[in-house]
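Engineer: Reading the sequence shown from the start, the letters are residues 6 to 582 in my numbering. Sending over a structure as structure tokens; questions will come in a sec.
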Amino acid sequence: MLQKSFSWSSFANAYLRENNNWQQLPYQDTHCICITLNQQQSMLFPLHYFSAVGLHHYRGDIYLLTNTQLEHIEFAAALPHLLNNGDKITTFSPQQRDLFAAHVLQSQAFIAAAVQAHPNIKQLNTGPLTFIAAEQGLLAGHNFHPAAKSREQLAQHDWAKYSPEFGAKFALVWLKVARECLTGAAEGASIDTYLNTVLSQSAASLLPHCNAHYAVLPMHPWQWQYLKSLPSIACMLNDNLITELGAHGLAWSATSSVRAVCQAEVDYQLKFSLNIKLTNSLRTLSVKECQRGLRIFNACQTHSYAQWQQRYPEFVILQEPAWCGLQFNGNVIEESILLFRENQPLCFENETLMLATLCQLPMDDQRHLLQQQLQQVSQTNHVTLAQAAELWFSAFCEKVLVPLCDLQANLGLVCLAHQQNIVIEFAQGLPSKTFIRDCQGMGFSERGIALFSEQDHTIHSGIEHHWSAQQISRYFPYYVIINSGYAVIAALSMLGFGDEQAWCNKLHTALASIADSAHDPRCLQQILTQSHFQCKGNFYCYLAGDNENTLADPAVIYFQMANLVAHSEQEENQYVI
Numbered sequence: 006m007l008q009k010s011f012s013w014s015s016f017a018n019a020y021l022r023e024n025n026n027w028q029q030l031p032y033q034d035t036h037c038i039c040i041t042l043n044q045q046q047s048m049l050f051p052l053h054y055f056s057a058v059g060l061h062h063y064r065g066d067i068y069l070l071t072n073t074q075l076e077h078i079e080f081a082a083a084l085p086h087l088l089n090n091g092d093k094i095t096t097f098s099p100q101q102r103d104l105f106a107a108h109v110l111q112s113q114a115f116i117a118a119a120v121q122a123h124p125n126i127k128q129l130n131t132g133p134l135t136f137i138a139a140e141q142g143l144l145a146g147h148n149f150h151p152a153a154k155s156r157e158q159l160a161q162h163d164w165a166k167y168s169p170e171f172g173a174k175f176a177l178v179w180l181k182v183a184r185e186c187l188t189g190a191a192e193g194a195s196i197d198t199y200l201n202t203v204l205s206q207s208a209a210s211l212l213p214h215c216n217a218h219y220a221v222l223p224m225h226p227w228q229w230q231y232l233k234s235l236p237s238i239a240c241m242l243n244d245n246l247i248t249e250l251g252a253h254g255l256a257w258s259a260t261s262s263v264r265a266v267c268q269a270e271v272d273y274q275l276k277f278s279l280n281i282k283l284t285n286s287l288r289t290l291s292v293k294e295c296q297r298g299l300r301i302f303n304a305c306q307t308h309s310y311a312q313w314q315q316r317y318p319e320f321v322i323l324q325e326p327a328w329c330g331l332q333f334n335g336n337v338i339e340e341s342i343l344l345f346r347e348n349q350p351l352c353f354e355n356e357t358l359m360l361a362t363l364c365q366l367p368m369d370d371q372r373h374l375l376q377q378q379l380q381q382v383s384q385t386n387h388v389t390l391a392q393a394a395e396l397w398f399s400a401f402c403e404k405v406l407v408p409l410c411d412l413q414a415n416l417g418l419v420c421l422a423h424q425q426n427i428v429i430e431f432a433q434g435l436p437s438k439t440f441i442r443d444c445q446g447m448g449f450s451e452r453g454i455a456l457f458s459e460q461d462h463t464i465h466s467g468i469e470h471h472w473s474a475q476q477i478s479r480y481f482p483y484y485v486i487i488n489s490g491y492a493v494i495a496a497l498s499m500l501g502f503g504d505e506q507a508w509c510n511k512l513h514t515a516l517a518s519i520a521d522s523a524h525d526p527r528c529l530q531q532i533l534t535q536s537h538f539q540c541k542g543n544f545y546c547y548l549a550g551d552n553e554n555t556l557a558d559p560a561v562i563y564f565q566m567a568n569l570v571a572h573s574e575q576e577e578n579q580y581v582i
């Protein structure tokens with residue numbers, strides 16, 4: 006039976022993370038979250054599980070307590086009460102609040118529709134899942150976002166066509182483009198080589214359109230419909246500089262990011278620039294973001310990286326070695342950009358899961374994907390489920406979190422790897438290999454610049470993703486520890502395998518094992534010792550309508566959060582419920 010809270014848990018957890026008008030109280034045979042609205046009213050959210058890191062699991066009922074009268078209400082009725090009593094709500098106009106509420110309810114409606122329409126809903130709880138099944142199985146979205154599945158600019162009649170949650174598969178639209186209108190850059194091969202590889206493997210019948218004067222360019226169907234509304238594109242169509250060839254070839258599957266698509270028979274995934282706002286960001290690509298991918302590619306070809314990889318052979322950065330798009334009068338049309346991401350390293354036969362899908366809150370009361378993996382580990386290794394959880398977490402630290410921290414501390418290559426950009430291959434239920442994607446979210450520390458600039462001239466102190474120690478200490482722990490590590494810890498504890506502080510202590514031990522050998526231990530030592538992290542706030546950022554990617558200083562949406570990884574075992578009991 007579907008959890009009644011499944012569609013609104015992300016909203017509730019985001020609200021609680023950024024507001025202080027609540028407390029945990031005993032309730033019947035368990036606990037509840039009690040949110041104070043005013044002197045006469047409170048709102049109760051009964052819990053299955055209270056989380057020290059904020060990933061609470063709700064029973065699904067909501068009650069409005071007025072004086073001593075308890076009234077059961079639906080989430081839509083609870084929403085205005087919650088909005089009107091948030092800590093910072095008076096700084097926002099009624100129009101902002103109304104628009105925000107509409108997006109929250111649209112997100113709910115989207116999740117409900119996706120659950121109803123998803124082609125393999127039962128398998129999402131039981132596994133095993135393929136790479137694409139896991140990509141299309143993230144139905145509730147970001148764990149801490151008020152409108153995790155909002156789809157601004159994407160009309161409801163397009164949901165099933167292009168959204169991964171609906172199992173979307175579609176053929177790409179192909180354009181014949183005059184070469185003077187094509188722009189881009191590539192490493193390792195020419196742009197033509199990358200384009201022709203995708204074309205020959207996906208829509209070979211269009212190869213005759215390629216010649217010295219024209220190239221053939223793939224487009225996401227939604228992207229192309231948007232581009233045709235631009236005057237520059239209309240002009241090029243009118244002058245026959247662009248010819249629409251139509252939809253052809255293999256069907257590509259939408260992945261969890263919506264704008265990236267995958268076809269198992271093609272060497273590259275394609276990530277498109279979509280003028281759609283998902284969570285906090287407009288999902289268009291910029292030239293500077295694409296250039297980051299080329300620099301990361303170059304860094305990973307160096308002797309320094311090859312030596313590092315010998316220590317972590319099962320940790321793979323999925324490279325983005327090329328990008329291209331359209332230009333008009335010498336100006337890049339950034340809404341037309343697409344980039345190429347490696348696809349071949351991913352194993353489509355072994356169970357290969359995006360971490361966010363694995364850690365998703367349960368859809369029903371009976372099963373959880375992680376529970377199924379632990380049962381497999383238990384049976385394979387002839388150990389108890391509790392011992393299986395220990396083995397699983399140890400492998401997760403070894404294959405995922407330790408290499409990420411080592412890469413930052415020793416090579417100065419900083420991967421802001423949140424749950425959605427960590428893909429794990431499993432062997433008999435245990436994490437065995439890690440793929441990190443999204444090179445736009447990677448940068449270089451001072452050590453990285455010093456190390457890689459000696460081996461590649463494109464990497465230097467003037468690049469815009471050369472991050473200061475202060476920036477790294479804010480962003481890296483948030484993405485790697487709070488977003489990814491805490492999600493795993495909460496999932497294990499929610500399933501009944503130890504409390505969260507105990508798992509945080511084990512993570513502390515795993516990371517401490519590489520601290521003494523780190524060339525730049527500053528960020529790692531902060532993770533191990535500082536009392537607080539900087540945590541990104543999605544609730545008020547989204548309420549303000551900000552595009553996170555264009556904020557002059559993203560630090561403004563961060564706030565302090567207790568660092569449980571640095572707490573000692575003696576402090577553990579205060580977190581036990």
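Heads up, the beta-carbon is just placed ideally off N, CA and C, and yes, glycines get one too.
Using 8 Å as the limit for Cβ to Cβ distance, is leucine 52 near chain C?
Structural biologist: No chain C appears in the structure shown, which is made up of a single protein chain.
Engineer: Which residue marks the beginning of the beta strand (DSSP E) containing phenylalanine 277, and which one marks its end?
Structural biologist: Unbroken beta strand (DSSP E) run through phenylalanine 277: 273-277.
Engineer: Does DSSP put tryptophan 472 in a helix, a strand or coil?
Structural biologist: In this structure, tryptophan 472 counts as coil in the three-state DSSP scheme.
Engineer: Under the three-state reduction of DSSP, which class applies to asparagine 245: helix, strand or coil?
Structural biologist: If DSSP states are grouped into helix, strand and coil, asparagine 245 belongs with coil.
Engineer: Which complete alpha helix (DSSP H) runs does the region 467-545 hold, if anything under 4 residues is left out?
Structural biologist: The region 467-545 contains these whole alpha helix (DSSP H) runs: 474-482, 491-499, 505-517 and 527-534.
Engineer: In chain order, what residues of the same chain have a beta carbon less than 6 Å from the beta carbon of tryptophan 313, not counting five sequence neighbours either side?
Structural biologist: Within the same chain, tryptophan 313 has close Cβ partners Leu416.
Engineer: Alpha carbon to alpha carbon, what distance is there between threonine 307 and phenylalanine 502?
Structural biologist: Their backbone Cα atoms lie some 42 Å apart in a straight line.
Engineer: Pairs of beta-carbons, one from the region 220-240 and one from the region 191-204, closer than 8 Å: are there three or more?
Structural biologist: Touching, per the Cβ criterion.
Engineer: Hey, how far is the Cα of glutamate 157 from the Cα of aspartate 103?
Structural biologist: Those two C-alpha atoms are separated by around 15 Å.
Engineer: What are the boundary residues of the beta strand (DSSP E) that tryptophan 328 is part of?
Structural biologist: Segment 327-333, the beta strand (DSSP E) holding tryptophan 328.
Engineer: Give the straight-line distance between the Cα atoms of glutamate 505 and serine 473, rounded to the nearest whole angstrom.
Structural biologist: For glutamate 505 and serine 473, the distance between alpha carbons rounds to 31 Å.
Engineer: Do the CB positions of asparagine 510 and threonine 284 come within less than 8 Å of each other?
Structural biologist: No, the Cβ-Cβ distance between asparagine 510 and threonine 284 is not below 8 Å.
Engineer: What is the DSSP secondary structure of proline 236, reduced to helix, strand or coil?
Structural biologist: Proline 236 falls in the helix class under three-state DSSP.
Engineer: Looking at the secondary structure, which residues open and close the alpha helix (DSSP H) in which serine 458 lies?
Structural biologist: Serine 458 -> alpha helix (DSSP H) spans 451-458.
Engineer: Would you give the residue range spanned by the beta strand (DSSP E) that leucine 343 belongs to?
Structural biologist: Taken as a continuous stretch (DSSP letters only), the beta strand (DSSP E) holding leucine 343 covers 336-347.
Engineer: Please tell me whether leucine 52 and cysteine 39 are closer than 8 Å, where the distance is taken between their beta carbons.
Structural biologist: No, these two residues do not count as a Cβ contact at 8 Å.
Engineer: Can you tell which of Ala57, Thr73, Val382 and Asp66 has the C-alpha that lies nearest to the C-alpha of glutamine 45?
Structural biologist: That would be Thr73, whose Cα lies nearest to the Cα of glutamine 45.
Engineer: Can the beta-carbon of isoleucine 247 be found less than 8 Å from the beta-carbon of valine 182?
Structural biologist: Their beta carbons are under 8 Å apart, which means isoleucine 247 touches valine 182 by this criterion.
Engineer: Do you know how far the Cα of alanine 138 is from the Cα of leucine 129?
Structural biologist: Cα to Cα, the separation comes out at about 8 Å.
Engineer: Could you give the DSSP three-state label for glutamate 356: helix, strand or coil?
Structural biologist: Reduced to three states, the DSSP call for glutamate 356 is coil.
Engineer: Please identify the residue among Gly189, Ser56, Leu30 and Ala81 whose C-alpha is closest to the C-alpha of serine 341.
Structural biologist: When each option's Cα is compared against that of serine 341, the closest is Gly189.
Engineer: Please go through the same chain and pick out, in chain order, the residues whose beta-carbon is closer than 7 Å to the beta-carbon of tryptophan 13, but skip the five residues on each side of it.
Structural biologist: Cβ within range, chain order: Phe80 and Gln113.
Engineer: Could you check if lysine 293 is buried or exposed, using at least 16 other CB atoms within 10 Å of its CB as the buried criterion?
Structural biologist: Answer is exposed; the Cβ neighbour count stays below 16.
Engineer: Hey, how far is the Cα of glycine 448 from the Cα of valine 419?
Structural biologist: Near 5 Å, if we compare the C-alpha coordinates of valine 419 and glycine 448.
Engineer: If you run the structure through DSSP and keep just helix, strand and coil, what is glutamine 575?
Structural biologist: For glutamine 575, the predicted model reports a pLDDT of 39, less than 50, meaning its position is unreliable and no value from the coordinates is stated.
Engineer: Smallest Cα separation from isoleucine 338: which of His423, Pro236, Leu375 and Ile427?
Structural biologist: Looking at the Cα atoms, Pro236 is the closest of the given residues.
Engineer: Could you tell me the distance, in whole angstroms, from the CA atom of phenylalanine 289 to the CA atom of glutamine 324?
Structural biologist: The sequence shown places threonine at residue 289, not phenylalanine. For threonine 289 and glutamine 324, the distance between alpha carbons rounds to 19 Å.
Engineer: For alanine 232 and alanine 239, what's the separation of their Cα atoms in angstroms?
Structural biologist: It should be noted that the sequence gives leucine, not alanine, for residue 232. Each residue's alpha carbon lies about 9 Å from the other.
Engineer: Three-state secondary structure (DSSP) at leucine 180?
Structural biologist: Of the three classes helix, strand and coil, the one that applies to leucine 180 here is strand, per DSSP.
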